[in-house]
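Encoded as structure tokens, the structure appears first; notes follow it.
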Amino acid sequence: MKKILVIGSTGQIGSELTTELRNRYGGSNVVAGYIPGAEPKGALAESGPAAIADVTNGEQLTDIVKQHNIDTIYNLAALLSVVAEQKPRLAWKIGIDGLWNVLEVARENKCAVFTPSSIGSFGPNTPHELTPQDTIQRPKTIYGVSKVCTELLSDYYFTKYGVDTRSVRFPGLISYVTPPGGGTTDYAVDIFYSAVRGEKFICPIAKGTRMDMMYMPDALRACTELMEANPDKLIHRNGFNVTAMSFPPEKIYAEIRRRKPDFKMEYQVDPLKQSIAESWPDSLDDSAAREEWGWHANFGLASMTRDMLEKLEEKLNA
Ligand code: SER
Numbered sequence: 000m001k002k003i004l005v006i007g008s009t010g011q012i013g014s015e016l017t018t019e020l021r022n023r024y025g026g027s028n029v030v031a032g033y034i035p036g037a038e039p040k041g042a043l044a045e046s047g048p049a050a051i052a053d054v055t056n057g058e059q060l061t062d063i064v065k066q067h068n069i070d071t072i073y074n075l076a077a078l079l080s081v082v083a084e085q086k087p088r089l090a091w092k093i094g095i096d097g098l099w100n101v102l103e104v105a106r107e108n109k110c111a112v113f114t115p116s117s118i119g120s121f122g123p124n125t126p127h128e129l130t131p132q133d134t135i136q137r138p139k140t141i142y143g144v145s146k147v148c149t150e151l152l153s154d155y156y157f158t159k160y161g162v163d164t165r166s167v168r169f170p171g172l173i174s175y176v177t178p179p180g181g182g183t184t185d186y187a188v189d190i191f192y193s194a195v196r197g198e199k200f201i202c203p204i205a206k207g208t209r210m211d212m213m214y215m216p217d218a219l220r221a222c223t224e225l226m227e228a229n230p231d232k233l234i235h236r237n238g239f240n241v242t243a244m245s246f247p248p249e250k251i252y253a254e255i256r257r258r259k260p261d262f263k264m265e266y267q268v269d270p271l272k273q274s275i276a277e278s279w280p281d282s283l284d285d286s287a288a289r290e291e292w293g294w295h296a297n298f299g300l301a302s303m304t305r306d307m308l309e310k311l312e313e314k315l316n317a
């Protein structure tokens with residue numbers, strides 16, 4: 000029986016993953032961890048238990064794990080790439096000091112741990128086309144540095160202590176539920192809000208800049224399927240490349256225009272976001288994930304765009 004703690008349950012991934020896990024394993028078996036000021040609301044608050052779970056407070060995590068007999072931790076606490084550049088010390092404190100706490104609690108209480116990595120773990124000298132699973136990772140952002148450390152520290156705890164750590168390198172995640180905040184790939188979500196509101200979209204990423212992206216339903220499946228995968232088949236552990244699509248701004252704009260012909264977009268390139276975007280892969284090779292645990296994406300650019308527009312229209316017009 001799985002008893003799960005989601006740290007960061009009200010964030011971009013957590014708000015949907017917590018619901019998905021509750022649907023799968025039962026509401027009472029999934030504790031929604033949050034920090035004060037970001038309490039679960041609505042269906043998330045009503046569908047199962049919640050607890051204050053500050054990743055920087057190891058004792059608090061231990062108490063929750065013991066109290067609820069937790070055997071699996073989804074550690075989703077993190078700052079995204081752009082905001083991390085503004086607060087590097089905090090990014091480290093949450094991403095790495097916090098991860099240390101999680102891994103120690105997991106070691107002492109025999110929990111499995113999922114802590115996402117990202118396309119941000121790659122850097123300017125990584126091969127950009129079909130970026131291999133095992134390749135150069137010399138990122139220039141603190142976000143990337145912390146993600147490489149996340150992968151390495153998680154692997155270390157597996158090798159040294161046998162903690163069942165697993166993770167994927169997420170591309171930009173697109174969803175109509177909880178907006179991201181402070182990421183480089185956020186434009187691919189923001190563009191839908193502008194399109195549905197009938198506003199012109201100001202694009203901070205330059206024409207021709209490709210990045211990997213994924214629709215949230217696929218991302219949620221990646222988390223649960225990897226954690227349920229047969230461990231005997233896993234050659235890798237932390238940081239599986241996963242992708243669903245790769246596009247530059249003009250391509251998602253064109254796709255939205257097929258359904259909203261009056262939609263307008265103008266480029267006002269943000270130098271920080273652009274330099275981060277250029278340092279990341281253009282397209283990932285996710286064959287290791289496919290081979291080792293059967294990963295595949297269901298949504299491509301056209302099907303994601305259709306669903307996003309429909310769902311966001313319902314949401315904003317409600
Ligand atoms: N979505 C993240 C960001 O843009 C990358 O994983 O920061």
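The numbering of the sequence shown is numbering that gives the first Met the number 0, which starts it at 0 and goes up by one. Note that the Cβ used here is the ideal one computed from N, Cα and C, for glycine as well.
(Q) By alpha-carbon positions, which one of Ser286, Leu311, Gly10 ends up nearest to His235? (A) By 1-based counting over the sequence shown, the position of residue 235 is 236. For the residues Ser286, Leu311, Gly10, the minimum Cα distance to His235 belongs to Ser286.
- Query: Where does Leu311 sit, in a helix, a strand or coil, going by DSSP?
  - Reply: As a first step, residue 311 is located in the sequence shown; it is residue number 312 there, counting from the start. In this structure, Leu311 counts as helix in the three-state DSSP scheme.
Worksheet item: Using CA coordinates, which residue listed in Tyr186, Leu89, Cys222 is at the minimum distance from Ile173?
Response: One-based indexing of the sequence shown puts residue 173 at position 174. Nearest C-alpha to Ile173: Tyr186.
Going by DSSP, what residues sit across from Phe113 in a beta bridge?
Position 114 of the sequence shown holds residue 113. Looking at the DSSP assignment, Phe113 forms a beta bridge with Tyr73, Arg165.
- Message: Any heavy atom of ligand 1 closer than 7 angstroms to the beta-carbon of Leu16?
- Response: To locate residue 16, count along the sequence shown from 1; it is residue 17. Result no, Cβ not under 7 angstroms from ligand 1.
Tell me, please, which residues DSSP counts as bridged to Glu265. On the sequence shown, residue 265 is found 266 positions in, with the first residue counted as 1. Partner(s): Ile201.
Under the three-state reduction of DSSP, which class applies to Asn240: helix, strand or coil?
-> For the purposes of this step, residue 240 is identified with residue 241 of the sequence shown, where counting begins at 1. Correct three-state label for Asn240: strand.
Rounded to the nearest angstrom, what separates Asn237 and Lys146 at their Cα positions?
For the purposes of this step, residue 237 is taken as the residue at position 238 of the sequence shown. For the purposes of this step, residue 146 is taken as the residue at position 147 of the sequence shown. Each residue's alpha carbon lies about 10 angstroms from the other.
Given 7 angstroms as the limit, tell me if Gly94 has its C-beta closer than that to any heavy atom belonging to ligand 1.
In the sequence shown, the residue the question calls residue 94 occupies position 95. Gly94 Cβ: outside cutoff for every heavy atom of ligand 1.
Determine the extent of the alpha helix (DSSP H) in which Ala288 is found, giving its start and end residues.
-> The count along the sequence shown starts at 1 and reaches residue 288 at position 289. Looking at the DSSP string, the run of the alpha helix (DSSP H) that includes Ala288 is 286 to 292.
**Prompt:** What are the partner residues of Asp211, as DSSP defines its beta bridges?
**Reply:** Counted from its first residue, the sequence shown places residue 211 at position 212. DSSP, once it has assigned bridges, lists Ser245 as partnering Asp211.
**Message:** My output table needs one value for Thr130: the three-state DSSP class, helix, strand or coil.
**Reply:** Your numbering for residue 130 matches position 131 in the sequence shown. Looking at Thr130 - three-state DSSP - the assignment turns out to be strand.
Check your understanding: If we ignore side chains and look at the alpha-carbon of each, how far apart do Ile12 and Met215 end up?
Key -> One-based indexing of the sequence shown puts residue 12 at position 13. One-based indexing of the sequence shown puts residue 215 at position 216. Roughly 8 angstroms between the two C-alpha positions.
Check your understanding: Since Lys232 and Glu291 are thought to touch, with beta carbons under 8 angstroms apart, how far apart are those beta carbons, to the nearest angstrom?
Key -> In the sequence shown, residue 232 corresponds to position 233, counting from 1. In the sequence shown, residue 291 corresponds to position 292, counting from 1. Going by Cβ atoms, the distance from Lys232 to Glu291 rounds to 5 angstroms, so yes, they are a contact pair.
Say the cut is 7 angstroms; is the CB of Thr183 nearer than that to a heavy atom of ligand 1?
The residue labelled residue 183 in the question sits at position 184 within the sequence shown. Thr183: yes, Cβ under 7 angstroms from ligand 1.
> Can you tell me the Cα-Cα spacing of Met212 and His295, whole angstroms?
Replying inline: Counted from its first residue, the sequence shown places residue 212 at position 213. Counted from its first residue, the sequence shown places residue 295 at position 296. Cα to Cα, Met212 sits roughly 14 angstroms from His295.
What are the partner residues of Leu4, as DSSP defines its beta bridges?
-> Locating residue 4 in the sequence shown gives position 5, where the first residue counts as 1. DSSP output for Leu4 lists Val30, Ile72 as bridge partner(s).
Proximity to Ile34 [Cα-Cα], best of Val104, Ala49, Gly94:
Here residue 34 is taken as the residue at index 35 of the sequence shown, counted from 1. Measuring from the Cα of Ile34, the nearest candidate turns out to be Ala49.
Could you name the residues of the same chain whose beta carbon sits closer than 8 angstroms to that of Asp269, not counting the 5 residues immediately before and after it, in chain order? Along the sequence shown, one-based indexing puts residue 269 at 270. Once the five neighbours on either side are set aside, the close Cβ partners of Asp269 are Pro203, Ile204.
8 angstroms contact criterion, which Asn28 and Lys65 should meet: CB distance rounded: Sequence index remark: in the sequence shown, residue 28 carries index 29 (1-based). Sequence index remark: in the sequence shown, residue 65 carries index 66 (1-based). Their Cβ separation, rounded to whole angstroms, is 16 angstroms, which puts Asn28 and Lys65 out of contact at 8 angstroms.
Enumerate in chain order the residues of its own chain whose CB-to-CB distance from Arg289 is below 7 angstroms, with the five nearest sequence positions on each side excluded. As a position in the sequence shown, residue 289 is number 290, starting the count at 1. These residues qualify, in order along the chain: His295.
query = Regarding Gly122 and ligand 1, is the C-beta to nearest heavy atom distance less than 7 angstroms?
reply = Here residue 122 refers to the residue found at position 123 of the sequence shown. It does not: the Cβ of Gly122 is nowhere closer than 7 angstroms to a heavy atom of ligand 1.
- Task: Could you tell me the distance, in whole angstroms, from the CA atom of Ala317 to the CA atom of Leu311?
- Result: Looking up residue 317 in the sequence shown gives position 318. Looking up residue 311 in the sequence shown gives position 312. Taking the straight line joining both Cα atoms gives about 10 angstroms.
Quiz prompt | Ser14 versus Leu283: straight-line alpha-carbon distance, rounded | solution = For the purposes of this step, residue 14 is taken as residue 15 along the sequence shown, with counting starting at 1. For the purposes of this step, residue 283 is taken as residue 284 along the sequence shown, with counting starting at 1. Those two C-alpha atoms are separated by around 26 angstroms.
Rounded to whole angstroms, what is the Cα-Cα separation between Asn108 and Gly143? Along the sequence shown, one-based indexing puts residue 108 at 109. Along the sequence shown, one-based indexing puts residue 143 at 144. Spanning the two alpha carbons is a distance of roughly 29 angstroms.
Cβ-Cβ separation, Ala111 to Thr158 (assumed contact under 8 angstroms), whole Å: Locating residue 158 in the sequence shown gives position 159, counting from the first residue. Locating residue 111 in the sequence shown gives position 112, counting from the first residue. That belief does not hold up - the Cβ atoms of Thr158 and Ala111 are roughly 15 angstroms apart, past 8 angstroms.
TODO: Might you give, ordered along the chain, the residues of its own chain that have their beta carbon closer than 6 angstroms to the beta carbon of Pro170, omitting 5 neighbours on each side?
DONE: On the sequence shown, position 171 is the one that residue 170 refers to. Correct list, in chain order: Ile118, Asp211, Met212, Met213, Thr242.
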